[in-house]
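Start counting the sequence shown at 666; every next residue gets the next number (the working numbering).
Report on one structure; see the data block that follows.
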Amino acid sequence: MFVKYQKPSFAEERLLRAQGYHYVAGVDEVGRGALMGPVIAAAVILPESFKARWKSRVRDSKQLSAEVREYLYDFIKETAISYGVGASSSEIIDTLGIAKATRLAMIEAIEQLMPQPQFLLVDYVRLAETNLPQKGIKHGDSLCFSIACASIIAKVTRDRLVTEMDEEFPGYGFAGHKGYGTEEHLRSLREKGPCKLHRRSFNPVSEIVGIKP
666 MFVKYQKPSF AEERLLRAQG YHYVAGVDEV GRGALMGPVI AAAVILPESF
716 KARWKSRVRD SKQLSAEVRE YLYDFIKETA ISYGVGASSS EIIDTLGIAK
766 ATRLAMIEAI EQLMPQPQFL LVDYVRLAET NLPQKGIKHG DSLCFSIACA
816 SIIAKVTRDR LVTEMDEEFP GYGFAGHKGY GTEEHLRSLR EKGPCKLHRR
866 SFNPVSEIVG IKP
């Protein structure tokens, strides 16, 4: 299915609510593929129905400009019945692996929700760490409205955090590339060596650590 520019819908949420699940949470993560910093997850429970001009602008966070994401971030938080954010640091990622660390961040986000969700809609992942009913949806952040909203909350949260990290660890350009493996980031890694925020279990960081402990 080609979903690059598809508008997310409430189809999954409506189907579940017709089955008696009134609190349905969308769950997504950001930062899984970065070379530094945390992976951030968000979970969002939205009302069963609401009217808002901003709804038509919601997409997978990767398809939106930073300006539009910031605009939507505040509206999503104001509209949501509840939302939560979880994080796994680079140390946790290096210790447990990115898959486990991502799931733990998602569980942390879900546990912050009040009321607790009755059903989870998760982008790709199945969460073995919870007994809550759930469905992993391929391309969920492009297809499912609640997951798309969670992706926006997670993306804005992580981008703001990494921008703050850039001030503490200057010279790597974190504020620009947000920790991903751009040419600028790789060049600064080779010149300066990794800082404590880098994921030493990720290549090419692990290779550079071998040269510059």
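Quick reminder that beta carbons are idealized off the backbone N, C-alpha and C, glycines included.
query, result
"Buried/exposed call for glycine 696, threshold 16 Cβ in 10 Å", "buried"
"Rounded C-alpha distance that separates proline 782 from valine 689", "6 Å"
"Cutoff 6 Å; reference histidine 687; Cβ partners in own chain excluding five residues on either side", "none"
"Cβ-heavy atom distance, histidine 863 to the ligand COA, below 7 Å", "Within the structure as shown, the ligand COA is missing, as the structure has no ligands at all."
"Assigned exposure category for threonine 760 - 16 Cβ within 10 Å defines buried", "exposed"
"Strand pairing of tyrosine 748, partner residues [DSSP]", "Val709"
"Cβ contact (3+ pairs, closer than 8 Å) linking the stretch 801 to 817 and the stretch 832 to 841", "no"
"Residue from Val733, Ser747, Asp824, Leu797 whose Cα sits closest to the Cα of serine 721", "Val733"
"Under the three-state DSSP convention, the category glutamine 799 falls into", "strand"
"Residue environment, aspartate 739, which counts as buried when at least 16 other CB atoms sit within 10 Å", "exposed"
"Residues that phenylalanine 784 bridges to, as DSSP identifies them", "Val689"
"Residues near isoleucine 705 by beta carbon distance below 6 Å, same chain, minus five either side", "Val695, Gly696, Ala752, Ala819, Thr822, Arg823"
"DSSP state of glutamate 694 mapped onto helix, strand, coil", "strand"
"Spatial neighbours of leucine 777 in its chain, beta-carbon cut-off 6 Å, leaving aside the 5 residues before and after", "As written in the sequence, residue 777 is glutamine, which differs from the leucine given in the question. Within the same chain, glutamine 777 has close Cβ partners Gly749."
"Residue burial classification, proline 798 (beta-carbon count within 10 angstroms, cutoff 16)", "exposed"
"Rounded separation between arginine 724 and leucine 711 - CA only", "15 Å"
"Cysteine 814: first and last residue of the uninterrupted alpha helix (DSSP H) it sits in", "810 to 833"
"Alpha-carbon to alpha-carbon, glutamate 713 and arginine 679", "8 Å"
"Buried versus exposed, by CB contacts within 10 Å (16 or more), glutamate 829", "exposed"
"Sequence-distant residues of its chain with Cβ nearer than 7 Å to glutamate 756 (five each side left out)", "none"
"Euclidean distance between Cα positions of valine 668 and serine 674", "For valine 668, the predicted model reports a pLDDT of 47, less than 50, meaning its position is unreliable and no value from the coordinates is stated."
"Three-state secondary structure assigned by DSSP to serine 674", "strand"
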